[in-house]
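Novice: Attaching a single structure in C-alpha cells format; questions to follow.
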Amino acid sequence: MKNKDMKDRDTDQEIYETFLKDSMNEINRKYSLSEEDQQKIVKIGKNQARLTNIMISIAILLLIIPAMTLMTYSYYGFGGRADKLIDVAANTIYVTEPNMSLEEMEIEDDIGFFSMDILFDVYKRIGKEDYKAGDYDIHFGLDNPTKVKKNYTLERPLPDTPSPETEVLIHPDAILRFDPKEEWNMLSHLPDGTVAEIYVSFTALMDPDKVRQLIPKEVDLRWLAVDTGLEAKQMNKEEQPITAIGYPAQIDSTTWSPFNGNDQSNEEVFMDILSQLSKNEEIAETVANKNLDIPERLKFINKNGINVYGAVITGPTTELRKLQQMKEIRAMKVGEVKLWNWK
Amino acid sequence: MELEIKKEHFAKIKFQKIAGFLSFLIGLISLAGMNAYLLLEADVLPDFFFNQLPMVGIILGIIGLFTRKSTRLYAWWGLGLNIFIYVFIFLMIVFAWSINAKP
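Protein sequence lines, in the order shown, are assigned to chains Y and A. Numbering follows my numbering, in which position 99 of the first sequence is assigned residue number 99; successive positions increment by one, without gaps. Numbering follows my numbering, in which position 1 of the second sequence is assigned residue number 1; successive positions increment by one, without gaps.
So this is what it looks like as C-alpha cells:
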C-alpha cells in the first residue's frame with residue numbers, strides 16, 4: 001500500500017514537471033524577442049528618457065525668468081512697497097528743491113529683475129507757466145536707491161551738491177558769500193517784457209503768514225525756506241554742508257499733489273512729509289544727493305515751529321525789481337528768466 | 001468591420017499619446033515667447049504666445065490625460081506650463097494695476 005502511494009506521487013511529479021517544461025517552452029516560443037528586437041526596445045526607451053530629460057530641463061530653464069519677474073512684482077506690489085518708494089522720492093523733491101514740482105500722474109515705473117526704476121519730469125513755475133526743469137531716473141535695487149540720474153534743462157541750475165559758497169537762500173545769521181547788488185543789477189538789466197524767478201533771503205526769521213502778507217500781490221510767492229537750526233552755520237554736526245529745506249507756499253491745484261490744500265494746510269503737509277522722510281532718510285538723501293539730517297531738523301521744527309528765512313518769488317521782472325526797496329530782504333539771487341507769460 | 005473599429009481604436013490611442021507630447025511642446029514654445037517678451041521689454045503682449053497657443057496646449061493636455069496605455073507625464077507638464085502662462089498674465093495684471101495705480 002505504501003509502495004503504491006510512493007509510485008503515484010512520483011508519477012504526479014513527473015507529469016507536473018513535464019507540463020511546466022512544455023508551458024515554459026511554449027511561452028519562450030510565443031513571446032521571446034530576438035536580440036535585435038531587444039536592442040531596439042532599449043534604444044527607444046533610452047531616446048524617450050533622453051527627450052523627456054531635455055524637455056523638462058528646457059521647461060525649468062524657461063521658467064526662471066517668468067518666476068523671477070513674478071517674485072519681483074510681488075515684492076514691490078505687496079504692502080504698497082513701490083508706491084511708498086515713489087511717494088518718498090516725490091516728496092523729497094517738494095521739500096529739497098526750491099520752486100520745483102512734479103506731475104504725480106506722470107511718474108512712471110519700470111520694474112526689472114529685483115529692481116525698479118522711477119522716471120519723472122520736474123517743473124519750475126516761472127511767471128505764470130510751469131516749465132520743464134529736467135528729469136529724474138531713480139534706480140532701486142529692491143528698496144535701496146542705488147543710482148539717481150538727474151538731467152536738468154535749466155539755464156541757471158542750482159549746484160548739485162550744496163556748499164556754503166553756492167547757497168542761494170541765506171539764513172539771517174549766516175555769512176553772505178555773494179554780492180546782492182550785482183544780482184539786483186542783473187535784474188535791472190533784464191528786459192521789461194520778461195518774467196523771472198528770484199531767491200530772496202530775509203533779514204530776520206518770519207512766520208510763513210507774515211511772509212505771505214509781506215510779498216506784494218503783483219508777484220507770486222512760490223517756495224519758503226524753513227529754519228531748521230542748521231542754516232546759520234550751513235553745516236551739520238559732522239561739518240558737512242547742508243541744503244535748504246522748505247515747502248511750496250501756494251496751494252497746488254493738481255489733485256494728486258500733497259499740497260493740494262484739500263484736508264491740510266501746506267505747513268501740516270510739510271511736517272507730515274518731514275516725518276515720512278525721517279523714517280526713510282537713506283532714500284531721501286540718495287534722491288536729493290544732499291545731506292538732509294531730517295530727524296534732527298524735524299526735532300528743531302517741532303520745538304521752535306515753522307520760521308521762514310528765505311523764499312522763492314516769481315513774477316514780472318519790473319515788479320521783482322521793486323522788491324529791492326523792502327527792508328526785510330537782505331539778499332537776492334536771480335534764478336531762471338523767461339519771456340512774458342504773465343496773465 | 002471589426003478591423004475598422006480596431007484601426008480607429010489604435011488611432012485614438014496614438015492621438016492621445018501624441019496630444020500630451022504636443023501640449024508639452026506648445027507649453028515650451030509659449031514659455032519661450034514669454035521669455036522673449038520679458039527680455040526684450042516689448043510693449044505689446046503677443047496674443048499668439050499668450051492666449052491662442054496656451055489654449056491649444058491646455059486642450060491637448062486634457063486629451064493627453066485620458067491615455068491609459070502610456071505615461072501621462074508629458075500631458076501633465078503641458079497642462080502645467082500652459083496654465084502657468086495664464087496664471088502669470090493674471091498675476092502680472094493684478095500687480096501692474098496695484099503698483100503706481102493711476103485713475
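Beta carbons are placed, not taken as given, at the ideal position from N, Cα and C, and that holds for glycine. Computed from a predicted structure; not experimentally measured.
Is the Cβ of M55 (chain Y) closer than 7 angstroms to any Cβ of chain A?
Specialist: Here residue 55 (chain Y) refers to the residue found at position 55 when the first sequence is read from its first residue. Taking Cβ atoms only, chain A reaches closer than 7 angstroms to M55 (chain Y), which makes this a yes.
Novice: Under 7 angstroms between the Cβ atoms of G127 (chain Y) and N341 (chain Y)?
Specialist: Looking up residue 127 (chain Y) in the first sequence gives position 127. Looking up residue 341 (chain Y) in the first sequence gives position 341. Cβ atoms of G127 (chain Y) and N341 (chain Y): closer than 7 angstroms.
Novice: What does A331 (chain Y) pair with, by DSSP beta-bridge criteria?
Specialist: Residue 331 (chain Y) sits at position 331 when you count from the first residue of the first sequence. A331 (chain Y) is bridged to Y:S201.
Novice: Does the count of Cβ pairs from the segment 97 to 113 of chain Y and the segment 255 to 263 of chain Y closer than 8 angstroms reach three?
Specialist: Counting Cβ pairs under 8 angstroms, three or more are found: they touch.
Novice: In the structure shown, what three-state DSSP assignment does D109 (chain Y) receive?
Specialist: The count along the first sequence starts at 1 and reaches residue 109 (chain Y) at position 109. Strand at D109 (chain Y).
Novice: Hey, K149 (chain Y) and D137 (chain Y): beta-carbon distance below 7 angstroms or not?
Specialist: Along the first sequence, read from residue 1 onward, the residue named residue 149 (chain Y) stands at position 149. Along the first sequence, read from residue 1 onward, the residue named residue 137 (chain Y) stands at position 137. Yes, Cβ-Cβ distance for K149 (chain Y) and D137 (chain Y) is below 7 angstroms.
Novice: For D10 (chain Y), count the other beta carbons within 10 Å of its own beta carbon; 16 or more makes it buried, fewer makes it exposed. Which is it?
Specialist: Position 10 of the first sequence, counted from the first residue, corresponds to residue 10 (chain Y). Result: exposed.
Novice: Do you know how far the Cα of F50 (chain A) is from the Cα of I85 (chain A)?
Specialist: Counting from 1 along the second sequence, the entry for residue 85 (chain A) is found at position 85. Counting from 1 along the second sequence, the entry for residue 50 (chain A) is found at position 50. Each residue's alpha carbon lies about 7 angstroms from the other.
Novice: By Cβ distance below 8 angstroms, which residues in the same chain neighbour L339 (chain Y) in space, the five residues on each side in sequence not counted?
Specialist: Translated into the one-based positions of the first sequence, residue 339 (chain Y) becomes position 339. Once the five neighbours on either side are set aside, the close Cβ partners of L339 (chain Y) are G193, T194 and V195.
Novice: So who's on the other strand from K147 (chain Y), going by DSSP bridges?
Specialist: Taking the first sequence and counting its residues from 1, the one referred to as residue 147 (chain Y) is at position 147. Beta-bridge pairing links K147 (chain Y) to Y:H139.
Novice: Using a Cβ-Cβ cut-off of less than 8 angstroms, list which residues of the segment 76 to 92 of chain Y approach chain A; keep chain order.
Specialist: Hits within the stretch, in order: Y76, G77, G80, A82, D83 and I86.
Novice: Determine the closest residue to T203 (chain Y) out of Y:L20, Y:G261 and Y:Q324, with distance taken between C-alpha atoms.
Specialist: As a position in the first sequence, residue 203 (chain Y) is number 203, starting the count at 1. Comparing Cα-Cα distances from T203 (chain Y) to each of Y:L20, Y:G261 and Y:Q324, the minimum goes to Y:Q324.
Novice: Which class does N289 (chain Y) belong to by DSSP, given the choice of helix, strand or coil?
Specialist: Along the first sequence, read from residue 1 onward, the residue named residue 289 (chain Y) stands at position 289. Coil.
Novice: Could you tell me the distance, in whole angstroms, from the CA atom of N280 (chain Y) to the CA atom of R177 (chain Y)?
Specialist: Numbered from 1 along the first sequence, position 280 holds the residue referred to as residue 280 (chain Y). Numbered from 1 along the first sequence, position 177 holds the residue referred to as residue 177 (chain Y). Their Cα atoms are separated by approximately 33 angstroms.
Novice: Cα separation between Y152 (chain Y) and P162 (chain Y)?
Specialist: Indexing the first sequence from 1 puts residue 152 (chain Y) at position 152. Indexing the first sequence from 1 puts residue 162 (chain Y) at position 162. The straight-line gap from Cα to Cα measures roughly 16 angstroms.
Novice: From I242 (chain Y) to K322 (chain Y), what does the alpha carbon distance come to, in whole angstroms?
Specialist: The residue labelled residue 242 (chain Y) in the question sits at position 242 within the first sequence. The residue labelled residue 322 (chain Y) in the question sits at position 322 within the first sequence. Cα to Cα, the separation comes out at about 31 angstroms.
Novice: Answer yes or no: does any C-beta atom of chain A fall closer than 7 angstroms to that of T69 (chain Y)?
Specialist: For the purposes of this step, residue 69 (chain Y) is taken as the residue at position 69 of the first sequence. Closer than 7 angstroms to some Cβ of chain A, the Cβ of T69 (chain Y) qualifies, so yes.
Novice: Let me check understanding here. Comparing Cα to Cα, which of A:I58, A:A75 and A:L28 lies closest to G64 (chain A)?
Specialist: One-based indexing of the second sequence puts residue 64 (chain A) at position 64. Closest by alpha carbon: A:A75.
Novice: Between which two residues does the alpha helix (DSSP H) holding D357 (chain Y) run?
Specialist: Absent from the model: residue 357 (chain Y). The displayed extent of chain Y is 1 to 343, so no value can be given.
Novice: Determine the DSSP secondary structure at D121 (chain Y), reduced to helix, strand or coil.
Specialist: Position 121 of the first sequence, counted from the start, is the residue given in the question as residue 121 (chain Y). Strand.
Novice: So, for P98 (chain Y): in the same chain, excluding its five sequence neighbours on each side, which residues have a beta-carbon less than 6 angstroms away from its beta-carbon?
Specialist: On the first sequence, residue 98 (chain Y) is found 98 positions in, with the first residue counted as 1. Only W223 and V312 meet the Cβ criterion.
Novice: Looking at the structure shown, is V344 (chain Y) part of a helix, part of a strand, or coil, going by DSSP?
Specialist: Because residue 344 (chain Y) is not part of the residues shown, which for chain Y are 1 to 343, the question remains open.
Novice: In this structure, what does DSSP give as the bridge partners for E129 (chain Y)?
Specialist: As a first step, residue 129 (chain Y) must be located in the first sequence, where it is residue number 129. DSSP, once it has assigned bridges, lists Y:I126 as partnering E129 (chain Y).
Novice: Flag this pair as yes or no: are the beta carbons of A59 (chain Y) and L38 (chain A) separated by less than 7 angstroms?
Specialist: Taking the first sequence and counting its residues from 1, one reaches residue 59 (chain Y) at position 59. Taking the second sequence and counting its residues from 1, one reaches residue 38 (chain A) at position 38. No.
Novice: Jot down the residue ranges of each uninterrupted beta strand (DSSP E) in the segment 9 to 81 of chain A, minimum 3 residues, whole runs only, in chain order.
Specialist: List check, beta strand (DSSP E) in window: nothing returned.
Novice: Looking only at C-alpha atoms, which of Y:D272, Y:R330 and Y:T314 sits nearest to N91 (chain Y)?
Specialist: Counted from its first residue, the first sequence places residue 91 (chain Y) at position 91. Ranking the options by Cα distance to N91 (chain Y), first place goes to Y:D272.
Novice: Which value, in whole angstroms, describes the spacing of the CA atoms of A101 (chain A) and D117 (chain Y)?
Specialist: The residue labelled residue 101 (chain A) in the question sits at position 101 within the second sequence. The residue labelled residue 117 (chain Y) in the question sits at position 117 within the first sequence. Between A101 (chain A) and D117 (chain Y), the C-alpha separation is close to 15 angstroms.
Novice: Beta-carbon within less than 8 angstroms of L154 (chain Y)'s beta-carbon, same chain only, minus the 5 sequence neighbours each way: which residues are those?
Specialist: The residue you call residue 154 (chain Y) lines up with position 154 of the first sequence. Only K124, A133, G134 and E336 meet the Cβ criterion.
Novice: Cβ of S278 (chain Y) within 7 angstroms of Cβ of I294 (chain Y)?
Specialist: For the purposes of this step, residue 278 (chain Y) is taken as the residue at position 278 of the first sequence. For the purposes of this step, residue 294 (chain Y) is taken as the residue at position 294 of the first sequence. Yes.
Novice: So if I threshold CB-CB distances at 8 angstroms, which residues from the segment 64 to 82 of chain A count as touching chain Y?
Specialist: Per Cβ criterion, the list reads L73, Y74, W77 and L81.
Novice: Buried or exposed for Y16 (chain Y), going by 16 or more other Cβ atoms inside 10 Å?
Specialist: Position 16 of the first sequence, counted from the start, is the residue given in the question as residue 16 (chain Y). Exposed.
Novice: Between which two residues does the alpha helix (DSSP H) carrying S57 (chain Y) extend?
Specialist: Here residue 57 (chain Y) corresponds to residue number 57 of the first sequence, with the count starting at 1. First-last of the alpha helix (DSSP H) with S57 (chain Y): E35 to G77.
Novice: State buried or exposed for Q240 (chain Y), treating a residue as buried only when at least 16 other CB atoms are found within 10 Å of its CB.
Specialist: Walking along the first sequence from the start, residue 240 (chain Y) turns up at place 240. Counting Cβ neighbours within 10 Å, Q240 (chain Y) comes out exposed, since fewer than 16 surround it.
Novice: State the CB to CB distance for the pair A225 (chain Y) and L298 (chain Y), rounded to an integer number of angstroms; the pair is presumed to be in contact (CB under 8 angstroms).
Specialist: Position 225 of the first sequence holds residue 225 (chain Y). Position 298 of the first sequence holds residue 298 (chain Y). The Cβ separation is near 16 angstroms, so there is no contact.
Novice: By DSSP, does L230 (chain Y) sit in helix, in strand, or in coil?
Specialist: Start at 1 with the first residue of the first sequence, and residue 230 (chain Y) comes out as number 230. Residue state, collapsed to three classes: coil.
Novice: Closer than 9 angstroms by beta-carbon distance: list the chain Y residues that pair up with K17 (chain A), in chain order.
Specialist: Numbered from 1 along the second sequence, position 17 holds the residue referred to as residue 17 (chain A). Ordered by position in chain Y, no residue passes the 9 angstroms Cβ test against K17 (chain A), which lies about 11 angstroms from the chain.
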